[in-house]
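Notes follow once the structure below has been shown.
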Ligand SMILES: [Fe+2]
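Listed below in structure tokens is the structure:
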């Protein structure tokens, strides 16, 4: 299958059965509206012109391609002993089509990074007004650069029609679904919700339906906005992105904008909310314009460890 063929291979009935009819309907309505407004007002061109005029374009681009490998300990209260030291590689907000150098640089940086699972937390596409074909071709190279098992969720820059191709290239996408990884008879659950930010097609109840009460479960979501519901439903951890850590920050990494209504401590890095352990990635790519200041892009390696609770 080629990226161009993916929309034609989209089985909406099957998607509705997976993510829920109401969620799919809401997503499709909002997708169409989003595409319309983005096509009418391509504000990224304005920001690009502004960046060029500022004289900082080269520095901003270099910063946006300077991937940092960030290591994070992820304490899980009910972690089975066989999963102690389990490593999750998190890539978020790739926006692959934003700059032509991005894919080569990232694939190079990923070489030799060992992990037990690769988690992709959304926003693979950037130029909403254009078909995602270029992004999907680039995603194929990035997905091949990390070993399976892999899991993904979609973000607010992604179209549901991308799923057929992503799954074809070996990136299972959790659409309000869950899956268990098994080691020596013990299970660690991963659930994933569709975009809760713009398309509001997330359904945590559906995503957790198969997970037994009290079982260790990690939620993947594009945005941290689901933190309250995730904690209430007993998830052990939440891995997310979306904020880009602010992307263009003040010195010291102080974000000017976060694009989500969550407590400030959840805009980037590790955080805690009641019993929920969370981590918000600053993102691996950049959105809108290839620019970052005082907020380097990250490739995150989470190591799971048992915590007393
Ligand atoms: Fe993003």
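Residue numbers (the working numbering): 2 to 310.
Note that the Cβ used here is the ideal one computed from N, Cα and C, for glycine as well.
What does DSSP give as the partner residues of residue 219 in its beta bridges?
-> 191, 238
Per-residue DSSP class, three states only, for residue 230 = helix
Is DSSP giving residue 276 helix, strand or coil here?
-> coil
Taking 7 Å as the cut-off, is the CB of residue 45 close to at least one heavy atom of ligand 1?
-> no
Hey, how far is the Cα of residue 279 from the Cα of residue 252?
-> 24 Å
For residue 124, verify whether its CB is less than 7 Å away from any heavy atom of ligand 1.
-> yes
Through-space distance from residue 179 to residue 308, alpha-carbon basis = 23 Å
Run the proximity test for residue 288: is its beta-carbon closer than 7 Å to any non-hydrogen atom belonging to ligand 1?
-> yes
Taking the alpha-carbon positions, what's the residue 15 to residue 122 distance?
-> 22 Å
DSSP on residue 131, reduced to helix/strand/coil?
-> coil
Under 8 Å by Cβ, that's how I've got residue 143 and residue 95 pegged, so tell me the actual separation to the nearest angstrom.
-> 7 Å
Per-residue burial, residue 38 [other beta carbons within 10 Å of its own, 16 or more giving buried] | exposed
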